[in-house]
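Before any comments, here is the structure.
In this note's numbering, the protein residues as written are 5 to 325.
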């Protein structure tokens with residue numbers, strides 16, 4: 005098998021994972037976890053990177069990282085090597101601690117951060133370590149879900165940005181619960197080495213970084229994120245629903261049926277993950293936060309309203325989504 009290609013460029017986003025060698029424990033005590041967190045702070049300063057979320061499990065860790073320079077490999081290699089050396093000294097051990105090279109998923113843009121943070125933070129629940137995320141202290145969840153003051157090196161603003169309301173912490177708790185309830189989340193299929201983005205994004209990555217390297221491993225993205233023309237999609241979908249987008253956009257008040265149809269179209273665009281909430285809102289005359297609210301509302305409706313769900317599934321089938 006070809007070696008996974010490292011794609012690095014300024015302002016890139018990554019989901020980074022690393023596991024213990026042979027599944028071994030990488031934190032023998034809370035002292036080790038505190039050491040690792042101190043190294044996270046140091047790596048942000050040494051390599052000019054941002055950390056947006058993290059979770060420390062017994063035999064692996066997850067990070068959500070933005071590299072302001074094209075230096076992910078250098079930063080993560082320093083982190084792994086430095087932690088291994090200090091871990092071995094502290095625990096009177098030797099040899100490799102981590103299983104090969106770290107794994108990374110390159111993420112197209114900020115539109116994915118909120119959902120990906122939910123995936124990262126829910127690791128202790130999926131592993132059965134705790135029954136409530138609030139009881140797990142070795143992740144960044146508490147800084148998002150409650151008013152615990154985050155360390156200076158943890159950047160929470162980008163993940164908070166799409167959340168509506170005055171209480172961002174409460175909104176985040178709701179988002180994590182909503183994530184757990186919704187079926188078929190694309191992030192539940194996280195695999196090592198994937199690229200999350202549109203076909204255009206993948207084509208751009210190949211053009212910029214791979215060149216003539218035919219043997220480079222470049223796994224494909226989830227089918228939910230394939231290329232599409234938003235205007236063509238809206239034209240087809242609105243015709244099927246017999247919904248006039250421009251008319252609804254100009255109206256100060258629209259009927260409940262038109263509101264349902266508008267929200268279905270908003271959700272349809274949002275599911276592709278290609279457009280920001282701001283871009284989606286421009287089609288309907290909605291603000292960034294209004295798009296977030298409409299998405300939450302329609303998701304709740306789809307889980308309880310079988311007639312609306314049937315209409316949505318029929319719509320997707322007819323436009324071949």
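Beta carbons: idealized from backbone N, C-alpha and C, even for Gly.
Where the beta strand (DSSP E) through residue i begins and ends
i           : result
residue 80  : That residue, residue 80, is in no beta strand (DSSP E); its alpha helix (DSSP H) goes 76 to 95.
residue 246 : Here residue 246 belongs to no beta strand (DSSP E), and DSSP marks it neither H nor E.
residue 54  : 53 to 60
residue 292 : Note, residue 292: premise wrong, no beta strand (DSSP E); alpha helix (DSSP H) at 292 to 308.
residue 65  : 64 to 71
Nearest-angstrom Cβ-Cβ length linking residue i and residue j, presumed shorter than 8 angstroms
i           : j           : result
residue 47  : residue 72  : Contact flag wrong, Cβ pair sits at about 12 angstroms.
residue 40  : residue 60  : 6 angstroms
residue 76  : residue 18  : 6 angstroms
residue 237 : residue 249 : About 12 angstroms separates the two Cβ atoms, so there is no contact after all.
residue 137 : residue 145 : 5 angstroms
residue 58  : residue 43  : Incorrect: roughly 11 angstroms between the Cβ atoms, too far for contact.
Per-residue burial, residue i [other beta carbons within 10 Å of its own, 16 or more giving buried]
i           : result
residue 156 : exposed
residue 93  : exposed
residue 321 : exposed
residue 97  : exposed
residue 20  : buried
residue 134 : exposed
residue 166 : buried
residue 38  : exposed
residue 251 : exposed
residue 130 : exposed
residue 141 : exposed
Sequence-distant residues of the same chain with beta carbon closer than 8 angstroms to residue i, five excluded per side
i           : result
residue 63  : 23, 24, 27, 28, 29 and 30
residue 186 : Because the pLDDT of residue 186 is 47, which lies under 50, any placement of that residue in the model is unreliable, and the question is left without a value.
Contacts around residue i, its chain only, beta-carbon distance under 6 angstroms, and the 5 residues preceding and following it disregarded
i           : result
residue 267 : 298 and 302
residue 275 : none
residue 79  : 47, 51 and 53
Cutoff 7 angstroms; reference residue i; Cβ partners in own chain excluding five residues on either side
i           : result
residue 305 : 312
residue 52  : 72 and 73
residue 300 : 182
Below-9 angstroms beta-carbon distance, residue i vs any chain D residue
i           : result
residue 239 : Judged by its chain identifiers, the structure shown contains no chain D, having just a single protein chain.
Assigned secondary structure, residue i (DSSP; H/G/I helix, E/B strand, else coil)
i           : result
residue 178 : helix
residue 321 : helix
residue 313 : helix
residue 107 : strand
residue 100 : coil
residue 27  : helix
residue 190 : Confidence at residue 190 is low in this model, with a pLDDT of 45, below 50, so the placement of that residue should be treated as unreliable; the coordinate-derived value is given next. Residue 190 falls in the helix class under three-state DSSP.
residue 13  : coil
residue 18  : strand
residue 167 : coil
residue 255 : coil
residue 283 : helix
Where the alpha helix (DSSP H) containing residue i begins and where it ends
i           : result
residue 152 : Note, residue 152: premise wrong, no alpha helix (DSSP H); not H, not E.
residue 161 : 161 to 164
residue 119 : 117 to 125
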